[in-house]
Amino acid sequence: MIEKVRVSLWDIFTFFMTGLLASAATTAFVVYVGPWTAGDLLSGLSKVPASITLVVAPLVFTLLGMLIEPLANYVDRYILKYVLGWATTPKARTREAEENLLKEEIRARYLGDLGGKIDNPYQLCKDYVEHKQLSTTFMVFLARYGFYRNCAFISVAAGVAAALISTTACGAISSLIISLVATVIFRRRAEEFYSYQAPAIYRAFLLDKVAWKIQEREGAT
Numbered sequence: 089m090i091e092k093v094r095v096s097l098w099d100i101f102t103f104f105m106t107g108l109l110a111s112a113a114t115t116a117f118v119v120y121v122g123p124w125t126a127g128d129l130l131s132g133l134s135k136v137p138a139s140i141t142l143v144v145a146p147l148v149f150t151l152l153g154m155l156i157e158p159l160a161n162y163v164d165r166y167i168l169k170y171v172l173g174w175a176t177t178p179k180a181r182t183r184e185a186e187e188n189l190l191k192e193e194i195r196a197r198y199l200g201d202l203g204g205k206i207d208n209p210y211q212l213c214k215d216y217v218e219h220k221q222l223s224t225t226f227m228v229f230l231a232r233y234g235f236y237r238n239c240a241f242i243s244v245a246a247g248v249a250a251a252l253i254s255t256t257a258c259g260a261i262s263s264l265i266i267s268l269v270a271t272v273i274f275r276r277r278a279e280e281f282y283s284y285q286a287p288a289i290y291r292a293f294l295l296d297k298v299a300w301k302i303q304e305r306e307g308a309t
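So the number in our numbering is just where the residue sits in the sequence shown, counting from 1, plus 88.
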């Protein structure tokens, strides 16, 4: 039960932070374009009871983050993956070597006849770890990946919007360059956390199998 709550909280935290960042970007545009100023917005917010703000604001941010999540996933999978593929951080050699070692160990020892048929046991191990609630470590990496992926999407949207409302070509180009740099940084960070997931899942799977064998051996004696 506790493990399930942790997973839900990581999801909610990601949605909340995504919605908060998107709201901050939208507010900046509203202040820049008009007709309201920062003082007008602060004055309007100050008139809202604090009890309502504390309840409504987190809910709005979370719902906004949930709406952005599928859009960010689509843009990253079908656009940014190809346009900015050159900017993806390659896996560190040590991490890639560990992942391959754990993968081969699982295929050779724990998949039986399926070992020669399943080239990548990642999804199978992930389902096993989630079903038995062995670890939530990989969920931390997944949440961080989702957050930075969403940040990359917001950077793209903000850059395009800033370029469209810019009154000069120099301003539009500057907005696009800043957006590109921010998007690359966020996407590299997202890919880095994504690469941590498989080793974490394989380790949790193997630790459970090793512990089960030890218990079986002790029971036999």
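C-beta atoms are modelled at their ideal positions from N, C-alpha and C, and glycine is treated no differently. If you're wondering where the values come from, they're calculated on a predicted model, not measured in any experiment.
Thinking just about the alpha-carbon of each residue, which of the options is nearest to the one in residue i?
i	options	result
residue 151	271, 106, 214, 298	106
residue 213	192, 275, 149, 135	192
residue 171	250, 244, 99	244
residue 108	168, 149, 248	149
residue 163	250, 251, 234	234
residue 298	215, 197, 283	197
residue 216	248, 283, 291, 249	291
May I ask which residues mark the beginning and end of the alpha helix (DSSP H) holding residue i?
i	result
residue 44	What the structure shows of the chain is the stretch from 89 to 309, and residue 44 is not part of that stretch, so it cannot be assessed.
residue 282	257-283
residue 225	225-253
residue 158	138-163
residue 130	126-134
residue 194	181-197
Taking residue i and residue j to be in contact with their CB atoms under 8 angstroms, please state how far apart those CB atoms are, rounded to whole angstroms.
i	j	result
residue 102	residue 153	7 angstroms
residue 145	residue 242	Not quite, the Cβ-Cβ distance comes to about 18 angstroms (not below 8 angstroms), so this is no contact.
residue 182	residue 279	Actually they do not touch by this definition, with Cβ atoms about 17 angstroms apart.
residue 281	residue 226	Contact flag wrong, Cβ pair sits at about 10 angstroms.
residue 121	residue 253	6 angstroms
residue 160	residue 238	4 angstroms
residue 168	residue 276	Contact flag wrong, Cβ pair sits at about 11 angstroms.
residue 293	residue 194	6 angstroms
residue 296	residue 220	7 angstroms
residue 99	residue 231	7 angstroms
residue 262	residue 246	Between residue 246 and residue 262 the Cβ distance is about 13 angstroms, and since that is not below 8 angstroms, they are no contact.
residue 126	residue 119	5 angstroms
residue 199	residue 209	6 angstroms
Strictly under 9 angstroms for the Cβ-Cβ distance: is residue i near chain B by that measure?
i	result
residue 204	Of the chains in the structure shown, none is chain B; there is only one protein chain.
- Can at least three beta-carbon pairs, one atom from the stretch 151-171 and one from the stretch 254-270, be found at a separation below 8 angstroms? The stretch 151-171 is not in contact with the stretch 254-270.
- Query: Given 8 angstroms as the limit, is there contact between the stretch 132-142 and the stretch 269-285, that is, 3 or more CB pairs closer than that?
  - Reply: No, because fewer than three Cβ pairs between the stretch 132-142 and the stretch 269-285 fall closer than 8 angstroms, the two stretches do not touch.
- Taking contact to mean at least 3 C-beta pairs separated by less than 8 angstroms, is the stretch 286-300 in contact with the stretch 184-196? Enough Cβ pairs lie closer than 8 angstroms, so yes.
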